[in-house]
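No gaps in the numbering here: position 70 of the sequence shown is 57 in this note's numbering, and each next residue is one more.
Glycine is no exception: its CB is placed at the ideal position from the N, C-alpha and C atoms.
As the structure is a computational prediction, the values presented were derived from the model and not from experiment.
Working notes for the structure below.
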Amino acid sequence: MKKSFKKVILTAVCACMMAFTAVGCGGDSGSDTGNNAQTGQIDKAESLSGYYFATGGTNIYVNQKMEDVLSSLGEPVQYFESESCAYQGMDKTYTYNSFIIKTYPENDVDYVLSVSLRDDTVQTPEGIAIGSSKSDVTTAYGAGEESGSALVYTKDQSRLTIIFDGDSVTSIEYSAVQ
-12 MKKSFKKVIL TAVCACMMAF TAVGCGGDSG SDTGNNAQTG QIDKAESLSG YYFATGGTNI
48 YVNQKMEDVL SSLGEPVQYF ESESCAYQGM DKTYTYNSFI IKTYPENDVD YVLSVSLRDD
108 TVQTPEGIAI GSSKSDVTTA YGAGEESGSA LVYTKDQSRL TIIFDGDSVT SIEYSAVQ
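Structure, rendered in structure tokens:
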């Protein structure tokens, strides 16, 4: 009984975490990927624009096929998957030494949902890393939209969120706008 209760709680916590990080959780999970006003879906091939993370000669865009990223980066240090709350299939998390990539499934293909930078050994193509100052960020990206302790930048179907503790960057995340 005790183990069963713990398993239920752990499953609920994991589901909540995935729901919190999944963009559009509870939204439409339509399968049409055409870029049209009726469905509101984006053509994935056309959405590889906007903000991107670059590492080891590989540019990683949100909405990019994860198989293309994996073929460039290789195996992650850690891998996790769970049933998607917003799509049919599995949400997947690929943890590398200095960044984490989360994916979403669509039509049996996994796409990059977000990239989170974990430490100051990696930086954005514009030179911003964890520990950078707010003035460095605004020099690189402009004023941005303020959201609590974060500056948010949106370009095409990508969002760049930079969180601060005082004047110092503590978190950088690229995410899909869906």
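Assigned exposure category for residue i - 16 Cβ within 10 Å defines buried
i	result
E160	buried
V64	exposed
D154	exposed
K79	buried
T45	exposed
S58	exposed
E93	buried
Y66	exposed
8 Å Cβ cutoff met for residue i and residue j
i	j	result
I150	S158	yes
I47	I87	no
T125	V139	no
Y91	L100	yes
S85	V109	yes
V156	I115	yes
G37	S134	no
Y81	Q51	no
L184	Y74	The question about residue 184 has no answer here: the residues shown for the chain are numbered -12 through 165.
task: Taking only runs that begin and end inside the segment 33 to 120, name each unbroken alpha helix (DSSP H) of 4 or more residues, in chain order.
output: 53 to 60
message: Suppose only complete runs of 4+ residues qualify. What are the alpha helix (DSSP H) ranges in the segment 120 to 164, listed by chain order?
response: 121 to 128
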